[in-house]
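What follows is a short report on a single structure.
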Amino acid sequence: MNLRRGRFATAIAAVATSAAVAGGVYAAGGPKDEAALEPARPAASKNVEKRVDALLRKMTTEEKLQQVQLLSDGQMNEEGGARGDREAKAGVGGVFSLVDPVKINHFQKVAVEQSRLGIPILFAYDTIHGFRTIFPIPLATGSSFDPDVASEDHKIGARESAAVGLKQIYSPMVDVSHEPRWGRISEAAGEDPYLNSVMAAARVKGAQGRDYSASDKVVTSVKHYAAYGQPEAGRDYNTTDMSEQRLRNLYLPPFKAAVDAGADTAMCSFNAINGVPGCANKRLETDILKKEWRFDGFIESDYTAVAELLNHGTAASPADAGAQALNAGTDSEMVSTFIRDNGKQLLAQRKISMARLDDAVRRILRVKFRAGLFENPYVDVAKAEAAQEQPEALAAARKAGGRSMVLLENDGKVLPLDPSKKTAVIGPLADNAKDMVGPWWGRGDDSKKVTVLDGIRAQSPGATYAEGCKLPGNEPPQYDESEDCPTTDFTEAKAVAGAADQVVVAVGETRAHSGEAAARSVLDLPGNQEQLIEAIKSTGKPFVVVLFNGRPLTLDGVVGVAPAILEAWFPGVQAGNSVADVVFGKVNPGGKLPVSFPRRVGQVPIYYNHEPTGRPCDVTQKYVSRHRDIKSCDPQYVFGYGLSYSQFEVTNLRLSRTSVSSRGSLNASVDVRNVAGPAGDEVVQLYLNDPVASISQPVRRLRGFERVTLSPGEQRTVTFKIDRSDFGFYDNSGRFVVEPGRIDLYAGNSSKATMRQSFTVTGG
Ligand code: NOJ
-11 MNLRRGRFAT
-1 AIAAVATSAA
9 VAGGVYAAGG
19 PKDEAALEPA
29 RPAASKNVEK
39 RVDALLRKMT
49 TEEKLQQVQL
59 LSDGQMNEEG
69 GARGDREAKA
79 GVGGVFSLVD
89 PVKINHFQKV
99 AVEQSRLGIP
109 ILFAYDTIHG
119 FRTIFPIPLA
129 TGSSFDPDVA
139 SEDHKIGARE
149 SAAVGLKQIY
159 SPMVDVSHEP
169 RWGRISEAAG
179 EDPYLNSVMA
189 AARVKGAQGR
199 DYSASDKVVT
209 SVKHYAAYGQ
219 PEAGRDYNTT
229 DMSEQRLRNL
239 YLPPFKAAVD
249 AGADTAMCSF
259 NAINGVPGCA
269 NKRLETDILK
279 KEWRFDGFIE
289 SDYTAVAELL
299 NHGTAASPAD
309 AGAQALNAGT
319 DSEMVSTFIR
329 DNGKQLLAQR
339 KISMARLDDA
349 VRRILRVKFR
359 AGLFENPYVD
369 VAKAEAAQEQ
379 PEALAAARKA
389 GGRSMVLLEN
399 DGKVLPLDPS
409 KKTAVIGPLA
419 DNAKDMVGPW
429 WGRGDDSKKV
439 TVLDGIRAQS
449 PGATYAEGCK
459 LPGNEPPQYD
469 ESEDCPTTDF
479 TEAKAVAGAA
489 DQVVVAVGET
499 RAHSGEAAAR
509 SVLDLPGNQE
519 QLIEAIKSTG
529 KPFVVVLFNG
539 RPLTLDGVVG
549 VAPAILEAWF
559 PGVQAGNSVA
569 DVVFGKVNPG
579 GKLPVSFPRR
589 VGQVPIYYNH
599 EPTGRPCDVT
609 QKYVSRHRDI
619 KSCDPQYVFG
629 YGLSYSQFEV
639 TNLRLSRTSV
649 SSRGSLNASV
659 DVRNVAGPAG
669 DEVVQLYLND
679 PVASISQPVR
689 RLRGFERVTL
699 SPGEQRTVTF
709 KIDRSDFGFY
719 DNSGRFVVEP
729 GRIDLYAGNS
739 SKATMRQSFT
749 VTGG
């Protein structure tokens, strides 16, 4: 995975002198590039290595086994915190989910002043899309096709996290997924490895800066390594069977991008890959991540994932599980304590080696030194609160929300609505703050959140409201979906809508419907929300359906009923303001789908970058690859799709050459023009296809994109650089190969782009 300056697309103003659009385009495959951008980690100075070695030499075996232990806030708080004091004094390595700066300082002081060697604790948290200023969920950020949104999110999340004493975040989550049933599809950038790679690198750089020892920076942990996004049946934690070429071409690239960008920690995954659990997977952890990619940070297990090796049926005992995890390359054990408890015995039995234990400890200490924890172990409690929810952070979250929304339908130009008209706001998510922050809300419940109703009323004063129905979105283990929007009596909602000039309908999922351990077997709007939409339609008023959800939904019952549909995902603490900005036209929507929306759940997995078949889908034929009960080969909405209040044309795809050696490169340029409507954004997308190769290649692969803002009538040229990292691929023996022959490029504004140019790769 390369992060090269040369890969940045340039947008050249053709009719205006406006500056080139910022943001990078990154190669998502291929061998290590020497010209990689400087990573967002402090250089591993000799000094750090010397200090690590000196400290390691002083450590007893017990102290080393403490260093590889990672405990939760709950564990530290046991016995009124007495357990935490004991753990800190014994030299525990890491603690996660503790967020009170006073407590963090307290345990840190015990570790620094009362443990024998005074090694500071690394405090971590799941700052996934914000700490207190919650940004849109990562799937939404994927929709923005704007790496600046991801980087601002993590810059602010890092600042707010670091202000309470946290120094590591369990993010970016980069699990590519073709599984909308899986609730955690909400946590990454969707189905494409390239888009996920760009967003991953932006998040790492935003959170770490150039030196994560800075007081407003944290070290990132890229997760869940690996292929956690492809659980069978979409059930969380479920097993995965994966060919080598798919693993390398689809699932590993975003991890590599994060590591190349400087991510110094990683989290191994719960799931088994080809029968080998992520946290006992030597090939993934040691051979690929540590050796092939030269990752010198540490890997922590996911929550009790080492203990779960017993359930996976690959370990016979806790000691066996601890040995398997450590030997595979897991350096730090979260929550369960198998390595620590059994380490001495395993060393005596030579089931683990001191060299490997030293290596794990060295990696953890290296990150602690790089994080500056030895120099600055404490946080300034007095400043912790002032760093939260600063006006500029809230403004960034509001902007991010608007940039992440995708306009799916706008028949008859219903949108934008006129704020001076009488607006009704209807639906179970209309006056709802809790669910707007999505399934990983961090400390968002302590934040002031703007509901859709608040946001609409701020721009259309006097807007009226009816809930329509209740959407409790029950938490586990009940999951009583029969309580979700159970009514069909929408009399009040109809009356409120009927008395207004225009209606905003806020429906979708609650935050409990998606996220961890929240797989769904149907993807429809929960309960009778479709009937609520029908009821609003019966009033004859112009209306827009605004969707809040953490996954692609099946919208068969909404498309064709609602004239306008706006996909808002879970926009974060500024949800209502972001929605109002788009609905009333202050912001012209420019987001694109980072994931396909199936028509029906039976189409899953359905994704744009699929391989061809011997009998391609054709709905006029029988003996072809299709569903007999679906009269289309496509999903409802394709990857890369999204409308705007303006109309754009992407034209004139041209190449700088038509033949290139396997080590050469070429430029592909296109023109993009705002042909009608107000100023707005278009995402220019470049796809590649290798039509004849030694193994079937995806029908399309995204290899470049650029979100461009254009005034009315403005035209720009966008140029992408293409090289072997784009036209090569990994084969089933894990080799990156570049094969001679024709390569087709497609450019446009979705994965259905038809404008094509070809070139030939010569040599091998
Ligand atoms: C389990 C989740 O899978 C992981 O993403 C998270 O970082 C840990 N819990 C810690 O909260």
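Number 506 in this note's numbering belongs to position 518 of the sequence shown; there are no gaps in the numbering.
Note that CB positions come from ideal geometry on N, CA and C, so glycine has one too.
Since this is a predicted model, take the numbers as computed values, not measurements.
>> Among E75, F84, S85, whose alpha-carbon lies nearest the alpha-carbon of V98?
In response: The residue you call residue 98 lines up with position 110 of the sequence shown. Considering only alpha carbons, the answer is E75.
> Nearest-angstrom Cα distance between Q562 and I414?
Replying inline: Numbered from its first residue, the sequence shown carries residue 562 at position 574. Numbered from its first residue, the sequence shown carries residue 414 at position 426. Going by the C-alpha atoms only, they are around 19 angstroms apart.
> Got a sec? Which residues, its chain only, sit under 6 angstroms from G754 by beta carbon, not counting five neighbours each side?
Replying inline: It is not possible to answer for residue 754, since the shown part of the chain is limited to -11 through 752.
>> Mapping the DSSP letters down to three states, classify H212 as helix, strand or coil.
In response: Here residue 212 corresponds to residue number 224 of the sequence shown, with the count starting at 1. Reduced to three states, the DSSP call for H212 is strand.
> Considering only C-alpha positions, which residue in the set Y200, S408, E140, L676 is nearest to S738?
Replying inline: The count along the sequence shown starts at 1 and reaches residue 738 at position 750. The option with the nearest alpha carbon to S738 is L676.
> Does the beta-carbon distance from D406 to R351 come in below 9 angstroms?
Replying inline: Here the question's residue 406 lines up with position 418 in the sequence shown. Here the question's residue 351 lines up with position 363 in the sequence shown. Their beta carbons are not under 9 angstroms apart, which means D406 does not touch R351 by this criterion.
> Which residues mark the beginning and the end of the alpha helix (DSSP H) in which A656 is found?
Replying inline: Taking the sequence shown and counting its residues from 1, the one referred to as residue 656 is at position 668. From DSSP, A656 is part of no alpha helix (DSSP H) but of the beta strand (DSSP E) over 653 to 664.
> Grouping DSSP H, G and I as helix and E and B as strand, with all else coil, what is V186?
Replying inline: Taking the first residue of the sequence shown as 1, we reach residue 186 at position 198. Looking at V186 - three-state DSSP - the assignment turns out to be helix.
>> Suppose you measure from the CA of R744 to the CA of S526; what does that come to, to the nearest Å?
In response: In the sequence shown, residue 744 corresponds to position 756, counting from 1. In the sequence shown, residue 526 corresponds to position 538, counting from 1. Using only the alpha carbons, I get a separation of about 44 angstroms.
> Just how far apart, CA to CA, sit G194 and K143?
Replying inline: By one-based count along the sequence shown, residue 194 stands at place 206. By one-based count along the sequence shown, residue 143 stands at place 155. Between G194 and K143, the C-alpha separation is close to 4 angstroms.
> What span of residues does the beta strand (DSSP E) with D419 cover, start to end?
Replying inline: Your numbering for residue 419 matches position 431 in the sequence shown. Run containing D419: none; DSSP gives neither H nor E here.
> Among D669, K610, V749, which residue has its Cα nearest to the Cα of F636?
Replying inline: To locate residue 636, count along the sequence shown from 1; it is residue 648. Minimum Cα distance to F636 is reached at D669.
> In this structure, does DSSP put Q591 in helix, strand or coil?
Replying inline: Stepping through the sequence shown from its first residue, residue 591 is reached at position 603. Q591 falls in the helix class under three-state DSSP.
> Relative to ligand 1, is the shortest distance from any of its heavy atoms to the C-beta of D114 smaller than 8 angstroms?
Replying inline: For the purposes of this step, residue 114 is taken as residue 126 along the sequence shown, with counting starting at 1. Yes, since a heavy atom of ligand 1 falls inside the 8 angstroms radius drawn around the Cβ of D114.
>> Just list the residues that DSSP pairs L643 with in beta bridges.
In response: For this step, residue 643 is matched to residue 655 along the sequence shown. The partner list for L643 (beta bridge, DSSP) reads A656.
>> So within the stretch 506 to 544, which uninterrupted alpha helix (DSSP H) runs reach at least 4 residues, ignoring any that extend past its ends?
In response: 517 to 525
>> On the DSSP letters alone, give me the boundaries of the alpha helix (DSSP H) that L345 sits inside.
In response: Position 357 of the sequence shown, counted from the first residue, corresponds to residue 345. That run of the alpha helix (DSSP H) goes 342 to 358.
>> Using only CA atoms, which one of D719, S392, G310 lies nearest to L298?
In response: In the sequence shown, residue 298 corresponds to position 310, counting from 1. Measuring from the Cα of L298, the nearest candidate turns out to be G310.
> Which one of R104, S60, T129, E67 has the shortest CA to CA distance from A556?
Replying inline: Translated into the one-based positions of the sequence shown, residue 556 becomes position 568. Selected option, being the one with the closest Cα: T129.
> Closer than 8 angstroms: is that where the CB of S174 sits relative to any heavy atom of ligand 1?
Replying inline: As a working note, residue 174 is residue 186 in the sequence shown. Not so, every heavy atom of ligand 1 lies at least 8 angstroms from the Cβ.
> What is the rounded straight-line gap between the Cα of F133 and the Cα of V394?
Replying inline: Reading the sequence shown from its first residue, position 145 is the one you call residue 133. Reading the sequence shown from its first residue, position 406 is the one you call residue 394. Going by the C-alpha atoms only, they are around 11 angstroms apart.
>> Closer than 7 angstroms between the C-beta and any heavy atom of ligand 1: which residues qualify, listed along the chain?
In response: F84, S85, D114, Y158, M161, K211, H212, M255, F258, D290, Y291, M322, E504
> On the premise that T121 lies in contact with L382, defined as a C-beta separation below 8 angstroms, what is that separation, rounded to the nearest angstrom?
Replying inline: Along the sequence shown, one-based indexing puts residue 382 at 394. Along the sequence shown, one-based indexing puts residue 121 at 133. Contact holds; Cβ gap of about 6 angstroms.
> Which runs of the alpha helix (DSSP H) spanning at least 4 residues fall entirely within the stretch 98 to 151, listed in chain order?
Replying inline: 126 to 132, 135 to 150
> Could you give the residue range of the alpha helix (DSSP H) that holds N65?
Replying inline: The sequence position of residue 65 within the sequence shown is 77, counting from 1. 61 to 65 is the span of the alpha helix (DSSP H), which, as asked, contains N65.
> Tell me which same chain residues have a C-beta within less than 8 angstroms of the C-beta of P408, skipping the five on either side of it?
Replying inline: Counted from its first residue, the sequence shown places residue 408 at position 420. One detail in the question is off: residue 408 reads as Ser in this sequence, not Pro. Same-chain partners within the cutoff: S448.
> If you check the beta carbons only, do V532 and V491 fall under 9 angstroms apart?
Replying inline: In the sequence shown, counting from the first residue as 1, residue 532 sits at position 544. In the sequence shown, counting from the first residue as 1, residue 491 sits at position 503. Yes, Cβ-Cβ distance for V532 and V491 is below 9 angstroms.
>> Only counting the same chain, and skipping five residues up and downstream in sequence, which positions put a Cβ closer than 6 angstroms to that of V323?
In response: Looking up residue 323 in the sequence shown gives position 335. Once the five neighbours on either side are set aside, the close Cβ partners of V323 are S60, Y291, T292.
> Within the chosen definition, does the stretch 86 to 101 reach the stretch 334 to 343 through at least 3 CB pairs nearer than 8 angstroms?
Replying inline: no
> What are the uninterrupted segments assigned as alpha helix (DSSP H) that are 4 or more residues long and contained completely in the stretch 40 to 96, given in chain order?
Replying inline: 49 to 55, 61 to 65, 70 to 78
> Is there contact between the stretch 644 to 659 and the stretch 619 to 636, where contact requires at least three CB pairs shorter than 8 angstroms?
Replying inline: no
> Whose C-alpha, out of G118, K356, Q517, G390, is nearest the C-alpha of D199?
Replying inline: One-based indexing of the sequence shown puts residue 199 at position 211. Per the Cα distances, K356.
> Looking only at C-alpha atoms, which of S647, V493, G82 sits nearest to Y453?
Replying inline: Within the sequence shown, numbered from 1, the residue matching residue 453 stands at position 465. It is V493.
> Relative to the alpha-carbon of T115, which residue among S159, G400, E469, K77 has its alpha-carbon at the smallest distance?
Replying inline: In the sequence shown, the residue the question calls residue 115 occupies position 127. Cα-wise, what sits closest to T115 is S159.
>> Which residue marks the beginning of the beta strand (DSSP E) containing K709, and which one marks its end?
In response: Numbered from 1 along the sequence shown, position 721 holds the residue referred to as residue 709. Segment 703 to 711, the beta strand (DSSP E) holding K709.
> Quick one: Cα of A421 to Cα of V567, how far?
Replying inline: The residue labelled residue 421 in the question sits at position 433 within the sequence shown. The residue labelled residue 567 in the question sits at position 579 within the sequence shown. Each residue's alpha carbon lies about 13 angstroms from the other.
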